[in-house]
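Here is the structure we will look at, set down as structure tokens.
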Amino acid sequence: MNQRVPTDSIAGQPDPAVQAAHELAWVLAARKGDRPAFGKLAQLYQRQCAAVAMRLLGNAHDAGELVQDALLKAFRSLDQLQQSERFGPWLMRIVTNLALNYRRSRNRRQAISLEQTVGDGEGDDLRSTLPGTAKDAPYKPLTNAELGTAIQDAIDALPEKQRLALVMFAIEKMPQKDVADILNCSVEAVKWHVFMARKQLRKSLAEHF
Amino acid sequence: MKQDSQHLEFLISQYVDNVLDAPNRKFVEQELAADAEARELLKKHREAQDLLDDYGSRLPLIDWNDFDARLAARLDAESAAPRVAPWKRWIRPVAAAAALALAATLGYGWHAYERQTEIAQPTQGHPVPVVQPETHVTINDRPSLSGSIGRASVDEVAVPTTRQTATVDYPTGDPPTVGQPRNLPGSVTAGVTATQPDGVAEPR
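So the sequences go chain by chain: A and B.
Here the first sequence is numbered in the numbering used here, starting from 1 and rising by one per residue.
Here the second sequence is numbered in the numbering used here, starting from 1 and rising by one per residue.
If you want it as structure tokens, here you go:
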């Protein structure tokens, strides 16, 4: 049976112990105001943060802006980091919190905008353009981009914790312990969220299997 | 049975993620070898994970050079700004809260002092008449009494000859029982404004 590569030992990466030691030194230096040291930390994590942010927000531009804000916030709040050796999960928690706040405010804005449009008497036209309303349309295979959009929509529809667990663990391959730290739950709960999310995703995307 | 099935599926999900401990992994592999349904579940979870792996391989299209330059500029600006000591961040809200607490304490203290003075004054030989709201006086046995006789001490209330309204000032904090003011002849009712045609007063 072929299985996934264990998440804690990614091939091609430097020795985790050495990397952890470097990272700790940069964190300690950054806490003393060393800007270049923080730059190295940013370089280390910004791509992973951007990937998670993009899965949560649905577009790369917003993800990039959000990661900038998260890094700046982390730089300002370094004195609040309790365990210097846990900088990565701490930064990712900032990213996910900002992303969730951004999603909530965006959803509110969309709801208000939709209400206004319906109030103007154009709602029927708009609703007919929303995904999932053309039930009578004949099935046709999706292109790669369309499949990506369908997966993103299915992820968006998941409950918050399931969505975060799926994105960070099943897609971005973060260690379960880090995901548990970020979600403030147990490792077992992370496994359960991933299990439920994958099951729901399969149901949502049934026609693509 | 359904619970067992879900438990097995949960274990299979962890098997796909390679996060099972040795005994559970052995159990799942035995189930997979013996049970076609378990193999079907494994197939479903693996297909879903393959789809996610494919989706995860799509990296966000971000211009990292531009990203680094902008971040560096923002961090430099942040570093150049004078750092505020953590305790200084709290000084304003704490000062505002302390000012509010002080104002509330002073206000309450002043109010309590005023009340105490009001209560204490009559016993100190400086009676202050307490003004009661207008008291309407109606004589039951005189049907159409109406009008106002202004303010008067209860001891000085004159029995109105027509239906009148009298304001009674009581010398102490204990007003007489409603309906039975002191030194009033006949049946006098306080707080009465309506009189029935037969002259019987009806308190509101």
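For each residue, glycine too, the CB sits at the ideal point set by N, CA and C.
- Judged by DSSP in its simplified three-state form, Leu98(A) adopts helix.
- Excluding sequence positions up to five before and after Ala50(A), its CB lies within less than 7 Å of the CB of Ala63, Gly64, Val67, all in the same chain and listed in chain order.
- Counting along the chain, Ala180(A) sits inside the alpha helix (DSSP H) bounded by residues 176 to 183.
- Around Leu98(A), the same chain offers Leu66, Asp69, Ala70 as residues with beta carbons nearer than 7 Å, after the five sequence neighbours per side are excluded.
- From the beta-carbon of Gly56(B), the residues of chain A found nearer than 7 Å are Ile171, Glu172.
- Ranking Arg31(A), Leu183(A), Arg47(A), Gly58(A) by CA distance to the CA of Asp153(A) puts Gly58(A) first.
- The C-alpha of Ala29(A) lies about 11 Å from the C-alpha of Ser84(A).
- Ser204(A): member of the alpha helix (DSSP H) spanning 187 to 204, first to last residue.
- When CB distances to chain A are screened at a threshold of 8 Å, the residues of the segment 66 to 81 of chain B falling below it are Phe67, Asp68, Arg70, Leu71, Ala72, Arg74, Leu75, Asp76, Glu78, Ser79, in chain order.
- Chain-ordered, the chain B residues with CB closer than 8 Å to the CB of Gln176(A) read Val19.
- Less than 8 Å divides the Cβ of Arg198(A) from the Cβ of Ala170(A).
- Distance from the CA atom of Phe75(A) to the CA atom of Arg106(A), rounded to whole angstroms, is 26 Å.
- Inclusion of Arg202(A) and Lys43(B) in the CB contact set at 8 Å is not warranted, their separation being larger than that value.
- Of the other Cβ atoms in all chains shown, fewer than 16 fall within 10 Å of the Cβ of Trp110(B); this residue is therefore exposed.
- Going by C-alpha positions, Asp15(A) is about 17 Å away from Met174(A).
- When Cβ-Cβ separations below 8 Å define contact, Glu31(B) makes no contact with chain A.
- Neighbours of Ala42(A) across chain B, judged by C-beta separation under 7 Å: Leu71.
- One Cα belongs to His193(A), the other to Gln80(A), and the distance between them is close to 29 Å.
- By the rule that beta-carbons nearer than 8 Å mark a contact, Ile119(B) does not touch chain A.
- Between Ala22(B) and Glu31(B), the gap from beta carbon to beta carbon reaches 8 Å or more.
- Annotated three-state conformation of Ser77(A) is coil, per DSSP.
- DSSP places Val18(A) in the helix class (H, G or I) of the three-state scheme.
- Straight across, the Cα-Cα distance linking Ile91(B) with Lys32(A) is about 23 Å.
- Here Phe209(A) carries a coil assignment [DSSP, helix/strand/coil].
- The shortest CA-to-CA distance from Asn101(A) to any of Val167(A), Leu24(A), Ala53(A), Phe38(A) is the one to Ala53(A).
- Taking the Cβ atoms as the reference, Glu47(B) lies roughly 15 Å from Phe195(A), outside the contact range of under 8 Å.
- Rounded to whole angstroms, Asp35(B) and Asp17(B) show a C-alpha spacing of 20 Å.
- Only residues of its own chain outside the window of five on either side were considered, and among them Ile155, Leu158, His193, Val194, Ala197, Arg198, Leu201 have a CB closer than 8 Å to the CB of Leu166(A), listed in chain order.
- Taken atom to atom, the span from the alpha-carbon of Lys40(A) to that of Arg58(B) is near 24 Å.
- For the C-beta of Glu37(B), not a single chain A residue is nearer than 9 Å; the gap to the nearest is close to 15 Å.
- Across the set Glu207(A), Gln48(A), Ala42(A), Gln43(A), the C-alpha of Glu207(A) shows the shortest separation from the C-alpha of Ala150(A).
- Cβ proximity to chain B below 7 Å picks out Met54, Ala60, Ala63, Gly64, Gln68, Leu71, Leu72, Phe75, Arg76, Asp79 from the segment 52 to 85 of chain A.
- Taking all protein chains in view, the Cβ of Asp4(B) is surrounded by fewer than 16 other Cβ atoms within 10 Å, so the residue is classified as exposed.
- Boundaries cannot be given for Asp34(A), as no alpha helix (DSSP H) includes it and DSSP labels it neither H nor E.
- Against Pro23(B), chain A offers no close residue; the least beta-carbon distance is about 16 Å (beta-carbon pairs closer than 9 Å).
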